[in-house]
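Under this note's numbering, the sequence shown has 168 at position 168, and the numbering climbs by one with no breaks.
All residues carry an ideal CB built from backbone N, CA and C; glycine is no exception.
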Amino acid sequence: MSQQYLDALFTRGSHNWGVSVILVTQHLFNKELRVARTNSHYLVLMRNPAGALQIRTIANHLFPSRTAHFIEAYRDACTKNFGYLLVDMHPETPEEIRLRTNIYEQKQIVYIAKMRRSQMLARNESFLETLCNAKKVNDLIRDATDEQLLCLVEICLNILKGRVPLRTQAFE
1 MSQQYLDALF TRGSHNWGVS VILVTQHLFN KELRVARTNS HYLVLMRNPA
51 GALQIRTIAN HLFPSRTAHF IEAYRDACTK NFGYLLVDMH PETPEEIRLR
101 TNIYEQKQIV YIAKMRRSQM LARNESFLET LCNAKKVNDL IRDATDEQLL
151 CLVEICLNIL KGRVPLRTQA FE
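Below is the structure:
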C-alpha cells in the first residue's frame, strides 16, 4: 500500500468521505504511518514483548506529563490473554476516560490518573455536597455532567475496593 494512498485514506477518507478506516500493524512508527497515526481517533494496543519501546514512545507522544500512568494502564490491561488497551484520541472524549479496556463487556475499565482524581473531586465538591443533602437525588444525577458522574463512580469504586474506610455510623 503506498504512503500517498494511506495518507489520503486517513485524512480525506476518514474525515470527508465518511469512511471508517482500520489499520492493523505491528510497528506504529514506520515513517509511512505518521499521517495515519496522527489522524487516528482510536488505537488498540495489545501485548507485544518486542514492542516495549513503542509503548514508551506512544506514552511520551500522547501523555507526556503522565507517561507512568499510561504504562501502568497498558500493563494492567494486557496482563490477561488477549488483553488490550484502547487509547481514545477522539477530540470530543473527556480527558479522564481516554484509556479503557473491556469496552465490549459489562464491566468496562477506565484508567483514571491518580493526580487527576483529587483535582476532579475538588472541582466538584459543591455538587457532591448538594447530592448528599438533595431530596431529589434522581433529578440531580440525571442533570449531572460527565465529570460529576465520574466523581461518583470514583467514590463508589474506592468504597467497594476498601480504599475508603467507612464508619459504622455511615450505614445507620
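Roughly how far, in whole angstroms, is the beta-carbon of residue i from the beta-carbon of residue j, given that I think they are within contact range, below 8 Å?
{"i": "R75", "j": "V87", "result": "No, R75 and V87 are not in contact; Cβ-Cβ is about 14 Å, not under 8 Å."}
{"i": "T11", "j": "F29", "result": "Wrong, their Cβ atoms sit about 19 Å apart, outside the cutoff."}
{"i": "T101", "j": "A77", "result": "4 Å"}
{"i": "Q3", "j": "E32", "result": "4 Å"}
{"i": "A111", "j": "A73", "result": "A small fix is needed here, since residue 111 is Tyr in this sequence, not Ala. 4 Å between Cβ atoms; contact."}
Among the options, whose alpha-carbon lies nearest the alpha-carbon of residue i?
{"i": "N39", "options": "R56, T25, V21 and N48", "result": "V21"}
{"i": "L121", "options": "L28, M46, E154 and G51", "result": "E154"}
{"i": "F63", "options": "H15, A113 and L33", "result": "A113"}
{"i": "G83", "options": "M89, Q106, M46 and E96", "result": "M46"}
{"i": "A50", "options": "H27, C132 and E125", "result": "H27"}
{"i": "S126", "options": "L9, L152 and Q3", "result": "L152"}
{"i": "A36", "options": "T93, F70, H15 and E129", "result": "H15"}
{"i": "D7", "options": "R34, E72 and T130", "result": "R34"}
{"i": "I109", "options": "R123, L150 and I141", "result": "L150"}
{"i": "T25", "options": "N48, V19, G18 and W17", "result": "N48"}
Quick one: grab the DSSP three-state call for residue i.
{"i": "Y84", "result": "strand"}
{"i": "I112", "result": "coil"}
{"i": "P49", "result": "helix"}
{"i": "Q148", "result": "helix"}
{"i": "R66", "result": "coil"}
{"i": "T130", "result": "helix"}
{"i": "S14", "result": "helix"}
{"i": "L23", "result": "coil"}
{"i": "N158", "result": "helix"}
{"i": "Y104", "result": "coil"}
Would you kindly report the start and end of the unbroken beta strand (DSSP E) that includes residue i?
{"i": "Y42", "result": "Y42 to M46"}
{"i": "L53", "result": "L53 -> not in any beta strand (DSSP E); alpha helix (DSSP H) instead, spanning A52 to L62."}
Determine the extent of the alpha helix (DSSP H) in which residue i is found, giving its start and end residues.
{"i": "T101", "result": "Note, T101: premise wrong, no alpha helix (DSSP H); beta strand (DSSP E) at L99 to T101."}
{"i": "Y5", "result": "Q3 to A8"}
{"i": "D139", "result": "V137 to R142"}
{"i": "T38", "result": "R34 to T38"}
Quiz item: Should the region 89–96 be called in touch with the region 30–44, which here means at least 3 C-beta pairs below 8 Å?
Solution: yes
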